[in-house]
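2 protein chains.
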Amino acid sequence: MPRTLVLTKHPRDYETLIEAARLPDLTLVAASEVEDGLARGGSSEVLVGDPGRVTAALPRLPNLRWVQLTWAGVERMLDPALRRDYVLTNIRGVFGPLMSEFVFSYLLAHERKILQRVEAQREGRWDATLPGTLQGKTIGLVGVGSIGAHLAATAKHFGMTVRGYTRASEESSHVDRYFHGAARVEFAAGLDYLVAVLPNTPGTRRIVDDEMLRALPPHAMVVNAGRGDTLDTEALIRALQEKRLAAAVLDVFEEEPLPPAHPLWSTPGAFITSHTAAPSFPADIVGVFVENYRRFARGEPLLYRVDFERGY
Amino acid sequence: MPRTLVLTKHPRDYETLIEAARLPDLTLVAASEVEDGLARGGSSEVLVGDPGRVTAALPRLPNLRWVQLTWAGVERMLDPALRRDYVLTNIRGVFGPLMSEFVFSYLLAHERKILQRVEAQREGRWDATLPGTLQGKTIGLVGVGSIGAHLAATAKHFGMTVRGYTRASEESSHVDRYFHGAARVEFAAGLDYLVAVLPNTPGTRRIVDDEMLRALPPHAMVVNAGRGDTLDTEALIRALQEKRLAAAVLDVFEEEPLPPAHPLWSTPGAFITSHTAAPSFPADIVGVFVENYRRFARGEPLLYRVDFERGY
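So the protein sequences, as listed, match chains A and B.
According to this note's numbering, the stretch in the first sequence is residues 1 to 312, in order.
According to this note's numbering, the stretch in the second sequence is residues 1001 to 1312, in order.
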């Protein structure tokens, strides 16, 4: 009967869902018992939580055997100063559909001129300007993991051509053409949409740089929903200011929250979405936890186990 | 060598595309020759055009054999006062993808709170409010023809449950449950989204009435992209004003353009899209015309032929 502790922002949402799953032998340590320095939670063997709360608790959990992260990002767990004597699993698979809704909400809003039509309505003006369409347009995905593959499938549903820029992998059948390594300008040339969804792996800093941005046509839109340092922010701001780009939807930043004085807030064409692209909804996370708990109880390998050495 | 005449708002776009198709034996009557009362166009056998321009020209085309409409809507062609001694074909098939982009642009903008985040950005405020998701939500389609079937497929791609309200047909496999006839309240109860895309057929007036609107939960959004009289506008305005509905996206109206003094312009939650949901893009229309011209030249049955008696 593994004692299980939930350390998240809204622990009751998780606890209610975990209780509803009626998992065999599970003893849930109530969040309310945890407030006083893990007084009772300290004997837990299983931990469900986000990286910030989990890393803070790690030194005080002598019986810890398994941590189920509520995030995809594992970077903070890889700090060499932290223990690694437990099984770490993260969340994968559930963010593709959410990221698809995020990315395509902005692509479609752009084509359908939603903001322009709201403005016309405020003025009581019948605005019959023709919309654009995603059909026949080309989207370039920087990073084609499970999230990129889902975006590629959605792009195909809307009749788009899909390019992928990856280190080496060519796994999604929805990508029409792959580019690697030095073929960055070739990848970006002529794209209508460039969407960066790089996972949290090393070696991906500023892949979308001034050179890649200059290869895009002036009607292009850039979306960054991976990590903040994928993109050269200064180069992007210059591109928007000089009208070399139509728009940029930015969900992640090198510093979050984005500082109030940051020029991006008022750069024309920039849309700030405040790291809301693919949140961890408790129902999705608990779905992964429940499957993994059943495996854990039977001594089977867990889904989405993180290799501390490889970093993912 | 059938003389072919284009009567549309932007005839040069059509003519350029038709010329590029290099159709055998086709003689295109230049739009510039038509201005003076069809002086030379009057001998045309084939006409490509919208209902308004076509009906005006009908009495002056003695050699007319075939009209390819650039619209889906055929109502104006059915006026009993007009001749019916020619083959009439309309446009079908191309509007499903466009309508899908229209409907889902607003569904996704609603879930992702795009307007709210734009407002927050204007204030320089990091707005990390959680988005909603289409996954697990229920969409109800009033009318499931070729357009409704395409919407159902897109809804399934986004993980939605799909209900269909039709007179009798149950043709789309993407609809989870069909409703007919008197089951109007049952159809509407608990819907997150009600989307009306009824074709231009008789007997569909005010199907979405006060009773159906009252069956929707207060967080629901209504979309009307079929025809203006499908919806009881006064009942809709009351529902929005009394917060019994979250939003309504309206593309079509009983009078178009919507009169400047109409209360819909400023009804809270109403979005006016000024009949732009599924425009006839010349490239799509010419694609249908080219296929039909080849059939016409070979004496084969044409695609999308309209039956004057049935009205579609």
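Glycine is no exception: its CB is placed at the ideal position from the N, C-alpha and C atoms.
query: Would you mind listing the alpha helix (DSSP H) stretches within the segment 198-227 of chain A that are 4+ residues and don't spill past its ends, in chain order?; result: 210-214
query: Enumerated in chain order, which unbroken segments of the beta strand (DSSP E) with a length of 3 residues or greater are wholly contained in the segment 52-115 of chain A?; result: 66-69, 87-89
query: Give every residue of the same chain whose Cβ lies closer than 6 Å to the Cβ of D1127(B), excluding the five residues on either side of it in the sequence, and list them in chain order.; result: R1117, A1120
query: Which of helix, strand or coil does DSSP assign to G1164(B)?; result: strand
query: Helix, strand or coil for G321(A)? Go by DSSP, reduced to three states.; result: Absent from the structure is residue 321(A), since the part of chain A shown begins at 1 and ends at 312.
query: Would you list, in chain order, the members of the segment 72-98 of chain A that have their beta-carbon closer than 7 Å to a beta-carbon of chain B?; result: P97, L98
query: Interface residues of chain B around L127(A) at Cβ under 9 Å?; result: Here residue 127(A) is Asp; the residue named in the question, Leu, does not match the sequence. Near D127(A) (Cβ distances below 9 Å), the residues of chain B are I1272, T1273, S1274, T1276.
query: Could you name each continuous beta strand (DSSP E) segment of 3 residues or more that falls completely within the segment 1225-1252 of chain B, going from the start of the chain to the end?; result: 1247-1250
query: Which word fits F1095(B), buried or exposed, when buried means at least 16 other C-beta atoms lie within 10 angstroms of its C-beta?; result: buried
query: How do the segment 1274-1285 of chain B and the segment 122-138 of chain A stand: do at least 3 beta-carbon pairs fall below 8 Å, yes or no?; result: yes
query: Would a C-beta distance cut-off of 9 Å place D192(A) and K243(A) closer than the cut-off?; result: no
query: At the level of alpha carbons, what is the spacing between L236(A) and D209(A)?; result: 8 Å
query: Short check: CB of L1047(B) to CB of L1061(B), under 9 Å?; result: yes
query: Helix, strand or coil for Y1293(B), going by three-state DSSP, please let me know.; result: helix
query: Output, in chain order, the set of chain A residues within a Cβ distance shorter than 8 Å of A1109(B).; result: S105, L108, A109, I114
query: Hey, is E1256(B)'s beta-carbon within less than 9 Å of any beta-carbon in chain A?; result: yes
query: Taking its Cβ as the centre, do 16 or more other Cβ atoms sit within 10 Å of E256(A), making it buried, or is it exposed?; result: exposed
query: Counting only Cβ-Cβ distances shorter than 9 Å, please list the residues of the segment 148-160 of chain A near chain B, keeping chain order.; result: A153, T154, H157, F158, G159
query: What residues of chain A sit near E1119(B), judged by a beta carbon separation below 7 Å?; result: Result: empty, since nearest Cβ-Cβ is about 11 Å, beyond 7 Å.
query: Measure the C-alpha to C-alpha separation of P268(A) and G140(A) and round it to an integer number of angstroms.; result: 23 Å
query: Drop a sphere of 10 angstroms on the beta-carbon of T1016(B), count the other beta-carbons inside from all chains shown, and report buried for 16 or more, exposed for fewer.; result: exposed
query: Would you say W1265(B) reaches chain A, if we count a Cβ-Cβ gap shorter than 9 Å as a contact?; result: yes
query: Does any CB atom of chain A fall closer than 9 Å to the CB of Q1135(B)?; result: yes
query: Excluding the 5 residues flanking T1055(B) on each side, which residues of the same chain have their C-beta closer than 8 Å to its C-beta?; result: R1076, M1077, D1079, L1082
query: Specify whether the segment 1287-1305 of chain B and the segment 1106-1116 of chain B touch according to this definition: at least 3 beta carbon pairs, one from each stretch, less than 8 Å apart.; result: no
query: Within 9 Å (strictly less), CB to CB, does L1245(B) reach chain A?; result: no
query: Just reading off the beta strand (DSSP E) that Y178(A) is part of, what are its end residues?; result: 177-179
query: Taking Cβ-Cβ distances shorter than 9 Å, what residues in chain B pair up with L236(A)?; result: The premise fails here: L236(A) is roughly 16 Å from chain B at the closest Cβ pair, so nothing lies under 9 Å.
query: Among Q1241(B), F1271(B), T1204(B), S1266(B), which one has its Cα closest to the Cα of V1223(B)?; result: F1271(B)
query: Starting from V1306(B), trace the alpha helix (DSSP H) in both directions and tell me its first and last residue.; result: Unbroken run through V1306(B): none, as it is neither H nor E.
query: So, with DSSP's three-state summary, where would you put G49(A)?; result: strand
query: Can you give me the C-alpha to C-alpha distance between G93(A) and D232(A), rounded to a whole angstrom?; result: 28 Å
query: Suppose you measure from the CA of D314(A) to the CA of M1221(B); what does that come to, to the nearest Å?; result: Absent from the structure is residue 314(A), since the part of chain A shown begins at 1 and ends at 312.
query: From which residue to which residue does the alpha helix (DSSP H) around G1148(B) run?; result: 1146-1157
query: Pull up the distance between the alpha-carbon of V1029(B) and that of T1008(B), whole angstroms please.; result: 13 Å
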